[in-house]
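Below is one structure; the comments refer to it alone.
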Amino acid sequence: MDALIQIVITGLTLGSMYALAAVGLALTYGTMGMFNMAHGVFMTIGAYAAYSASINFGVPLPLAVLAGIAAGAVSGALLHMLIVRFMLNNEDFQTTIMVATAGVAIALQDLILKSYGAYPFKQPAQIEGSFRVLGSAVSYQSIVILIMAALLIGGLAWLLNYTKFGMAIRATAMNQDAAKLMGVRTERTYLQVIVIAGVLAAAAGILISSLAGLSPAMGSNPLIRAFIICVVAGLGSVTGAGVAAILLGLFEAAISFYFGARFGLPVMLGLVIAVLIFRPAGLFGRQEVVRS
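Here the working numbering is used: the sequence shown runs in plain steps of one and ends on residue 291.
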């Protein structure tokens with residue numbers, strides 16, 4: 000029973016952090032057909048911004064977290080305004096934007112390295128202590144991570160399903176030309192989507208760094224996992240990405256508990272290969288049918 004509780008708590012904690020990263024990635028791809036290679040750096044920027052606000056400027060912890068999330072939003076907005084909007088009408092947009100955002104990611108990671116150095120820091124956004132559930136220790140930090148992830152993803156779900164803002168995003172994702180004919184300003188919608196993805200990525204970075212620490216390359220591993228989750232769920236499926244993140248978090252926690260942490264990612268990659276063989280569109284995706 001103790002082992003089961005530990006696996007569930009660890010899996011839900013991992014899954015909630017992965018969900019924040021993967022949902023933003025899936026939303027961007029589903030709306031714009033854009034795989035943002037700088038998404039992992041958004042996580043790093045958010046984590047370091049929260050660290051700087053707390054340590055360098057003495058900002059209270061809740062405000063430091065908000066500052067980190069705001070940094071992610073600003074990063075997304077700048078990426079759109081300076082790069083993405085000029086490439087939207089390219090015929091090979093999906094390929095060129097991957098290359099462009101990969102270049103941005105390398106440049107920003109190098110800038111963070113030069114600014115903070117390679118030495119890892121401890122994220123101050125932590126809550127010490129734990130309590131016991133059926134004899135198993137559960138940290139307060141895990142509960143905070145679960146609550147924060149639930150609030151952000153729940154807020155996004157409410158925006159997408161119950162507001163005109165969300166309706167515009169869903170309409171643009173379904174058919175850009177039809178959305179324009181209905182009066183949706185698609186370029187503004189794209190900006191809003193990237194800002195939302197930046198917010199979720201920054202929040203994920205803050206939560207991940209609260210457990211693993213800060214380093215300039217900290218976003219690379221979560222980006223790989225977020226991509227794996229999006230592929231398993233079906234590229235562009237926001238709901239599927241959230242569900243798949245929780246399931247894969249539990250799966251990775253079980254693998255790590257019984258076989259060791261080093262087997263978590265390789266087994267997940269094997270799972271992706273199996274999904275692509277038997278469900279090329281993903282578990283929650285739909286196979287497109289083109290009729291001539």
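Every residue, glycine too, gets a C-beta built ideally from N, C-alpha and C. Please read these numbers as outputs of a predicted model, since none were measured by experiment.
{"Asked": "Have a look at methionine 267 and isoleucine 227 and give me their C-alpha separation to the nearest angstrom.", "Found": "8 Å"}
{"Asked": "Looking at the structure shown, is alanine 296 part of a helix, part of a strand, or coil, going by DSSP?", "Found": "Lying before the first or after the last residue shown, residue 296 is absent from the chain, which here runs from 0 to 291."}
{"Asked": "CB-CB under 6 Å to glutamine 5, same chain, minus the five flanking residues each way: which ones, in chain order?", "Found": "Ser135"}
{"Asked": "Since alanine 213 sits in a beta bridge, which residues does DSSP pair it with?", "Found": "A quick correction: the sequence has leucine, not alanine, at residue 213. Looking at the DSSP assignment, leucine 213 forms a beta bridge with Phe120."}
{"Asked": "Quick check: the stretch 34 to 51 against the stretch 196 to 213, are at least 3 beta-carbon pairs closer than 8 Å?", "Found": "yes"}
{"Asked": "Going by the DSSP bridge assignment, what does phenylalanine 258 pair with across the sheet?", "Found": "DSSP lists no partner for phenylalanine 258."}
{"Asked": "When the distance is taken between beta carbons, is alanine 243 closer than 8 Å to valine 231?", "Found": "yes"}
{"Asked": "Going by alpha carbons, who is nearest to glycine 10 out of Thr95, Ala253, Leu210 and Gly233?", "Found": "Ala253"}
{"Asked": "By how many angstroms is the C-alpha of serine 138 removed from the C-alpha of arginine 131?", "Found": "9 Å"}
{"Asked": "For the alpha helix (DSSP H) holding asparagine 220, just list the boundary residues, first then last.", "Found": "219 to 232"}
{"Asked": "Looking at valine 64: is its Cβ nearer than 8 Å to the Cβ of isoleucine 195?", "Found": "no"}
{"Asked": "Consult DSSP for arginine 290 and reduce its assignment to one of helix, strand or coil.", "Found": "Reliability of the predicted coordinates at arginine 290 is poor, the pLDDT of 39 falling under 50, and no value is obtained from them."}
{"Asked": "Under the assumption that leucine 249 contacts glycine 14 (Cβ atoms under 8 Å), give the Cβ distance between them as a whole number of angstroms.", "Found": "6 Å"}
{"Asked": "Per DSSP, what kind of secondary structure is serine 129 in: helix, strand or coil?", "Found": "strand"}
{"Asked": "Please classify threonine 188: does DSSP put it in a helix, a strand, or coil?", "Found": "helix"}
{"Asked": "Leaving aside the five residues before and after tyrosine 161 along the sequence, list all residues of the same chain whose C-beta is less than 6 Å from its C-beta, in chain order.", "Found": "none"}
{"Asked": "Where do the N-terminal and C-terminal ends of the alpha helix (DSSP H) with histidine 38 fall, by residue?", "Found": "38 to 54"}
{"Asked": "Run through DSSP, which three-state label would threonine 94 get?", "Found": "helix"}
{"Asked": "Report the rounded CA-to-CA distance for leucine 133 versus threonine 100, giving the unit in angstroms.", "Found": "47 Å"}
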